[in-house]
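Q:
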Amino acid sequence: MTSLAQKLTELVGAAFEAQGLPAELGVVRVSDRPDLCQFQCNGAMAAAKVAKKRPREVAQGVADYLETEYAQATERTSPSQKAGSHGSSHFFKIEIAGPGFINLDVSDDTIAAHLTETASDERRGVAETGNQDQTIILDYGGMNVAKAMHVGHLRPSVIGDCLKNIMSFAGYNALGDIHMGDWGLQMGQIISAFELSHPEWAYFGDGPYPDAPLFNYAELEEIYPQASAACKDDPDRLELARAATKALQEGKPGYKALWQHFMDLSIADIKDNLAPLGIEFDIWKGEADVDQFIPEIAEDLKSRGIAEDSEGAVVVNVEREDDNKDMPPLMFFKSDGAVTYGTTDVATIYDRVKLYDNLLKIIYVVDKRQSLHFEQVFRSAQRAGYVDGIELKHIGNGTVNGDDGKPFKTREGKAMTFRGMVGAAIDKATTRLDEAELAQDMSDEERAEVARKIAVAALKYTELSNQAHVDYIFDLDRMITFEGKTGPYLLYQAVRIQSLLKKAEVQGIGFAEDEFVLQEGDRSLVLLLAELPDHFDMALKNYTPHVLCEYAYRLAQEFSSFYGNCHILSEEDEAVRASRLALCLLTYRQLKLVLGVLGIEIPERM
Ligand code: ARG
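Once you know that position 189 of the sequence shown is 209 in this note's numbering, the rest is easy, because the numbers rise by one and skip nothing.
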């Protein structure tokens, strides 16, 4: 099944076809003037050119057809068959406006029938466009070994994870790959620093090598900035780091054992940082995993003339004739033979393409400042012929800034750690619960869990409702409040629906989940419910979670007015009361579906 607008598109498309016009012109959209009509079709303007008629004439033909085939209902709420018609009464109003807009209102019976279908469909009408044989890799996070996670990791992690959910829900085999920064000079810097400070460690002898790390994550995280600063100031230290990197890459066993411990500790720390947010990866590979392919790729590219020698280095030229900006070549081997960030990314594509039979896309959610890098990598892979039929896309994310417009820092002026940021959000959520006198009757444990969900909803909603490329200002006061366009507001509304449904249960008021008797006051909520598939499809097609954020917000708001304006439990007409309860349940389920895709969990109560 589909959205109501998509269903109407079929009817109106048939009407265009009956006039000898392309059915595709019959696209029906939710009206942007709900005061005038519920739906609109603007295809008559384009059709007029094809048909060499006036647009209004085309529109009239379509309207007449619709009227005969899907007779106009005489009353909005109880449509009756129009005499002489043979179709069902889908439309209440068919009007031509302006130059040839076709304005449509649908009969309540048609809306109710659509809702009944939606209520019985677990996907709420969202089409399954993909299947499990079609793989999409999402590359996001990109954390570096031994480097504390910081606020900059929030955007790619949250956006990447949400895009993965969207694609999984659409049916694809969507896989999140963290693509760790775990190779290169940083590794040698840390190894050589440890070797200087702890020459006695077994890693630096002839083996056997320790099974468990001889240091903890805090020490690892501390040594990295020291080691990297030392290498900047002291050419001898840099030389040591280079040599250690080379030895590691050539497989020196003690260094490999040490490096494995960097990995183990770093991965544990990343998992621990992300756990409160419920973000997980399917693939824990990194730069190191593809090092093995570099010689064969180099061989392949050189033999086909794609990689060329250039002043001692090996490069892949990626300029194109129609380039209007500078496009430097991708550096495959530097003149000292070292590989670059670009080399590893090409090798990673090579690996992924080999591993997954039916790979449709690789989507990178990475800082927008890396856009040139990805352009070079994508062009190289394309020139090499590694990605025929595979879409490569870089979604460049902006930064999370402080009031000063610079990347967010702590009050002490230090770069904010990821853990610190999540902790501050949870603290703020706890304060807000107290201020609003919510969750007061709960155990400490339950309240802490509610506070975590509120904090996560706030962070993720802010993150996702801002388009990926924008830089936004991190403001906990604004994002953690139960009013306005925020995650906590959505949770509050969702919890409100749940408690209403619980109340009905306690009062012994039963209702059929899929029977609807629509009243005037229900209509705008109902029409909005019927839009879900449109918004989902848009978010999927354009990689835009913010479309779903906006929809969730409108749904919550619409529910709130419905709740304020309509009798629900106090409604005296039993059929209407049951229908309204079914509407509440459906609203809750749709909100839960959308929030679920956004990675936001709803508490049971507050
Ligand atoms: N580790 C990299 C960084 O810190 C990000 C990796 C992004 N992914 C990729 N395939 N290049 O900048």
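By construction, the Cβ of each residue, glycine as well, lies at the ideal position given by its N, Cα and C atoms.
Treat the numbers as computed from the prediction; the structure is a model and nothing was measured.
Using 10 angstroms around the beta-carbon of Leu375, count the other beta-carbons present and answer buried if the total reaches 16, otherwise exposed.
A: Taking the sequence shown and counting its residues from 1, the one referred to as residue 375 is at position 355. Counting Cβ neighbours within 10 Å, Leu375 comes out exposed, since fewer than 16 surround it.
Q: Going by the CB atoms, is the gap between Gly507 and Ala488 shorter than 7 angstroms?
A: Reading the sequence shown from its first residue, position 468 is the one you call residue 488. Reading the sequence shown from its first residue, position 487 is the one you call residue 507. No, Cβ-Cβ distance for Ala488 and Gly507 is not below 7 angstroms.
Q: With H, G and I counted as helix, E and B as strand and the rest as coil, what does DSSP make of Arg516?
A: Along the sequence shown, read from residue 1 onward, the residue named residue 516 stands at position 496. It is helical.
Q: Which of the three DSSP states is assigned to Asp256 in this structure?
A: As a working note, residue 256 is residue 236 in the sequence shown. DSSP places Asp256 in helix when its eight states are reduced to three.
Q: Could you tell me the boundaries of the beta strand (DSSP E) in which Thr501 lies?
A: Along the sequence shown, one-based indexing puts residue 501 at 481. Element bounds for Thr501: n/a, residue is neither H nor E.
Q: Could you check which residue in Ser286, Asp256 and Leu412 has the C-alpha nearest to that of Asn236?
A: Along the sequence shown, read from residue 1 onward, the residue named residue 236 stands at position 216. When only C-alpha atoms are compared, the closest one is Ser286.
Q: In chain order, what are the residue ranges of uninterrupted alpha helix (DSSP H) at least 4 long that sit wholly in the region 255-285?
A: Runs found: 255-269.
Q: Return yes when the C-beta of His414 is under 6 angstroms from any heavy atom of ligand 1, and no when it is not.
A: For this step, residue 414 is matched to residue 394 along the sequence shown. His414: no, Cβ never under 6 angstroms from ligand 1.
Q: For Pro99 and Glu533, what's the separation of their Cα atoms in angstroms?
A: Working through the sequence shown from its first residue, we reach residue 99 at position 79. Working through the sequence shown from its first residue, we reach residue 533 at position 513. Only weak support exists for where Pro99 lies, its pLDDT of 42 falling under 50; the value from the coordinates is given anyway. Between Pro99 and Glu533, the C-alpha separation is close to 23 angstroms.
Q: Would you please state the rounded distance, in angstroms, between the beta carbons of Val178 and Pro427? I believe it to be under 8 angstroms.
A: If you number the sequence shown from 1, residue 178 lands on position 158. If you number the sequence shown from 1, residue 427 lands on position 407. Contact doesn't hold; Cβ gap of about 16 angstroms is too wide.
Q: Verify the contact flag: Val386, CB atom, against every heavy atom of ligand 1, threshold strictly below 6 angstroms.
A: Here residue 386 is taken as the residue at index 366 of the sequence shown, counted from 1. Yes, the Cβ of Val386 comes within 6 angstroms of a heavy atom of ligand 1.
Q: Starting from Cys61, follow the beta strand (DSSP E) in both directions and report where the run begins and ends.
A: Here residue 61 corresponds to residue number 41 of the sequence shown, with the count starting at 1. Residues Phe59 to Cys61.
Q: Applying the criterion that 16 or more other CB atoms from any shown protein chain within 10 Å of the CB defines a buried residue, is Asn562 buried or exposed?
A: In the sequence shown, the residue the question calls residue 562 occupies position 542. Exposed: under 16 other Cβ atoms inside 10 Å.
Q: Rounded to whole angstroms, what is the Cα-Cα separation between Asp342 and Arg403?
A: As a working note, residue 342 is residue 322 in the sequence shown. As a working note, residue 403 is residue 383 in the sequence shown. Roughly 16 angstroms between the two C-alpha positions.
Q: Short of 6 angstroms in beta carbon distance, which residues of its chain neighbour Ala67, apart from the five on each side in sequence? Order them along the chain.
A: Numbered from its first residue, the sequence shown carries residue 67 at position 47. Cβ neighbours of Ala67 beyond the five flanking positions: Leu41, Leu45 and Val78.
Q: Please list the terminal residues of the continuous alpha helix (DSSP H) segment that includes Asp454.
A: Working through the sequence shown from its first residue, we reach residue 454 at position 434. Note, Asp454: alpha helix (DSSP H), Phe438 to Glu455.
Q: Between the C-alpha atoms of Ala103 and Phe112, what's the straight-line distance to the nearest angstrom?
A: If you number the sequence shown from 1, residue 103 lands on position 83. If you number the sequence shown from 1, residue 112 lands on position 92. No answer about Ala103 holds up, because its pLDDT of 39 lies below 50 and its placement is not dependable.
Q: My output table needs one value for Gly541: the three-state DSSP class, helix, strand or coil.
A: The sequence position of residue 541 within the sequence shown is 521, counting from 1. Helix.
Q: Identify the continuous alpha helix (DSSP H) that holds Val596 and give its terminal residues.
A: The residue given as residue 596 occupies position 576 in the sequence shown. Per DSSP, Val596 belongs to the alpha helix (DSSP H) from Glu594 to Leu618.
Q: In chain order, what residues of the same chain have a beta carbon less than 8 angstroms from the beta carbon of Glu591, not counting five sequence neighbours either side?
A: Numbered from 1 along the sequence shown, position 571 holds the residue referred to as residue 591. These residues qualify, in order along the chain: Arg597 and Arg600.
Q: Determine, using beta carbons only, whether Ala475 and Ile493 come nearer to each other than 7 angstroms.
A: Working through the sequence shown from its first residue, we reach residue 475 at position 455. Working through the sequence shown from its first residue, we reach residue 493 at position 473. For Ala475 and Ile493, no; Cβs fall outside 7 angstroms.
Q: Can you look up Val373 in the DSSP assignment and give me helix, strand or coil?
A: To locate residue 373, count along the sequence shown from 1; it is residue 353. Note: Val373 maps to helix in three-state DSSP.
Q: According to DSSP, what are the bridge partners of Val50?
A: Position 30 of the sequence shown, counted from the first residue, corresponds to residue 50. BP columns for Val50 point to Phe59.
Q: Ignore the nearest five residues each way along the sequence and tell me which others in Trp203's own chain have a CB closer than 8 angstroms to its CB.
A: Here residue 203 refers to the residue found at position 183 when the sequence shown is read from its first residue. Correct list, in chain order: Gln269, Gly306, Glu307, Ala308, Asp311 and Thr364.
Q: Classify Ala327 as helix, strand or coil using the three-state DSSP reduction.
A: Position 307 of the sequence shown holds residue 327. Three-state result, Ala327: strand.
Q: Using the rule of at least 16 other Cβ atoms within 10 Å of the residue's Cβ for burial, across every protein chain shown, is His106 buried or exposed?
A: Locating residue 106 in the sequence shown gives position 86, where the first residue counts as 1. Note that His106 scores 41 on pLDDT, short of 50, meaning its location in the model is unreliable and no value can be drawn from it.
Q: Is His199 near ligand 1, in the sense that its beta carbon is under 6 angstroms from a heavy atom of that ligand?
A: As a first step, residue 199 must be located in the sequence shown, where it is residue number 179. True, at least one ligand heavy atom lies under 6 angstroms from that Cβ.
Q: Figure out for me which residue from Ala277, His134, Asp346 and Ala449 has the closest Cα to the Cα of Ser222.
A: Here residue 222 corresponds to residue number 202 of the sequence shown, with the count starting at 1. First, the amino acid is wrong: residue 222 is Ala here, not Ser. Nearest option by C-alpha distance: Ala277.
Q: What's the C-alpha gap between Glu37 and Ala132?
A: One-based indexing of the sequence shown puts residue 37 at position 17. One-based indexing of the sequence shown puts residue 132 at position 112. About 27 angstroms.
Q: What is the rounded straight-line gap between the Cα of Met187 and the Cα of Asn193?
A: Numbered from its first residue, the sequence shown carries residue 187 at position 167. Numbered from its first residue, the sequence shown carries residue 193 at position 173. Looking at the two C-alpha atoms, the distance is approximately 8 angstroms.
Q: Pairing CB atoms from the region 49-61 with CB atoms from the region 109-128, are three or more of them under 8 angstroms?
A: The region 49-61, when compared against the region 109-128, does touch it at the 8 angstroms Cβ threshold.
Q: Rounded to whole angstroms, what's the CA-CA distance from Ser217 to Asp256? Just pull it up for me.
A: The residue labelled residue 217 in the question sits at position 197 within the sequence shown. The residue labelled residue 256 in the question sits at position 236 within the sequence shown. Going by the C-alpha atoms only, they are around 15 angstroms apart.
Q: Just tell me which of Thr136, Asp464 and Ile383 has its CA closest to the CA of Leu538.
A: Mapped onto the sequence shown, residue 538 falls at position 518. With distances taken between Cα atoms, Leu538 lies closest to Thr136.
Q: Going residue by residue through the region 211-254, where are the continuous alpha helix (DSSP H) segments of at least 4 residues, counting only ones entirely within it?
A: With a minimum length of 4 residues, the continuous alpha helix (DSSP H) runs that stay inside the region 211-254 are 237-253.
Q: Which residue from Asp302, Ser248 and Ala232 puts its Cα closest to that of Met200?
A: Position 180 of the sequence shown, counted from the first residue, corresponds to residue 200. Checked all of Asp302, Ser248 and Ala232; the closest Cα to Met200 is Asp302.
Q: In its own chain, which residues sit with a C-beta less than 6 angstroms from the C-beta of Phe531, not counting the 5 before and 5 after it?
A: As a position in the sequence shown, residue 531 is number 511, starting the count at 1. Ala598, Leu601 and Ala602, listed in sequence order.
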